Amino acid sequence: MRDYINLAALLGTPYIRVLADKEAAPGQAVDEAVVIENLQALSPLAEDKEVMILVETNGLYADSRKMAALMEKLADPNIGVLWDIHHPFRFFGEAPAETYGRLQSWICHAHVKDSLREGDRVVYKMMGYGDVPVKEALWLLQDNGYEGFVVLEWLKRWVADLEDPGIVFAHFPYAIKRMIKRKEG
């Protein structure tokens with residue numbers, strides 16, 4: 001992790017993303033004492049390089065109650081949250097307002113992706129073709145003065161049957177513009 005922190009500092013990147021649970025979907029229990037110990041060890045290394053550590057809402061930590069409890073235990077201004085808008089909704093049934101309400105003071109960066117549930121499978125879709133309430137989340141961020149980035153996360157390396165990134169990346173700006181546009185009057 002020290003190398004990632006050094007690389008982020010060299011590139012002028014303000015954040016590094018870490019996962020407190022190795023799985024996107026919640027699964028087996030995570031040893032939270034180890035998570036806290038590791039984050040507390042990384043924080044001063046990152047802070048010395050003016051890099052902030054962001055814990056992604058994934059796995060068991062996609063549950064915003066669990067993530068908020070982790071952030072409260074850490075109480076570290078150099079550790080924040082990367083809100084993956086997909087995971088709390090898809091795996092814990094949380095509406096964006098619920099997740100945002102619990103985590104807003106720690107959110108520094110956001111990932112978006114869209115999907116549908118087909119039986120027991122999560123099937124990732126191009127933005128706007130799934131049922132993840134991305135628009136609601138974007139409006140919450142916008143209405144509350146969020147000034148960070150919203151990034152499309154498209155991991156074809158992990159899910160081989162995803163649409164080609166060239167198609168998805170070209171589609172993304174248009175889909176997001178439609179979502180954030182509000183009707184006048």
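Per full-length UniProt numbering, residue 1 is the first one in the sequence shown, and the count goes up by one each step. Yeah, the Cβ is synthetic: ideal placement off N, Cα and C, and Gly gets one too. Treat the numbers as computed from the prediction; the structure is a model and nothing was measured.
Which value, in whole angstroms, describes the spacing of the CA atoms of proline 123 and phenylalanine 92?
Stepping through the sequence shown from its first residue, residue 123 is reached at position 123. Stepping through the sequence shown from its first residue, residue 92 is reached at position 92. Correcting the residue identity first, residue 123 is valine in this sequence and not proline. In a straight line, the C-alpha of valine 123 is about 16 Å away from that of phenylalanine 92.
Could you give the DSSP three-state label for serine 115: helix, strand or coil?
Working through the sequence shown from its first residue, we reach residue 115 at position 115. In the structure shown, serine 115 sits in a strand (DSSP, three-state: E or B).
Give the straight-line distance between the Cα atoms of leucine 10 and arginine 121, rounded to the nearest whole angstrom.
For the purposes of this step, residue 10 is identified with residue 10 of the sequence shown, where counting begins at 1. For the purposes of this step, residue 121 is identified with residue 121 of the sequence shown, where counting begins at 1. Whole-angstrom Cα-Cα distance: 40 Å.
Please say whether leucine 7 and serine 64 have beta carbons closer to each other than 8 Å?
Stepping through the sequence shown from its first residue, residue 64 is reached at position 64. Stepping through the sequence shown from its first residue, residue 7 is reached at position 7. Not in contact: serine 64 and leucine 7 (Cβ atoms no closer than 8 Å).
Let me know the beta strand (DSSP E) ranges lying completely inside the UniProt domain "Xylose isomerase-like TIM barrel" (1-157), each 3 residues or longer, listed in chain order.
15-18, 52-56, 79-84, 107-112, 114-118, 121-125, 150-152
Taking C-alpha atoms, which residue in Glu163, Gly148, Met127, Gly166 lies nearest to lysine 177?
As a first step, residue 177 must be located in the sequence shown, where it is residue number 177. Nearest option by C-alpha distance: Met127.
Is valine 168 helix, strand or coil by DSSP?
Here residue 168 corresponds to residue number 168 of the sequence shown, with the count starting at 1. Helix, per DSSP.
Using three-state DSSP, classify arginine 182 as helix, strand or coil.
Looking up residue 182 in the sequence shown gives position 182. Three-state DSSP puts arginine 182 in coil, outside helix and strand.
For tyrosine 129, does the count of other Cβ atoms within 10 angstroms reach 16, so buried, or fall short, so exposed?
To locate residue 129, count along the sequence shown from 1; it is residue 129. It is exposed - the Cβ of tyrosine 129 has fewer than 16 other Cβ atoms within 10 Å.
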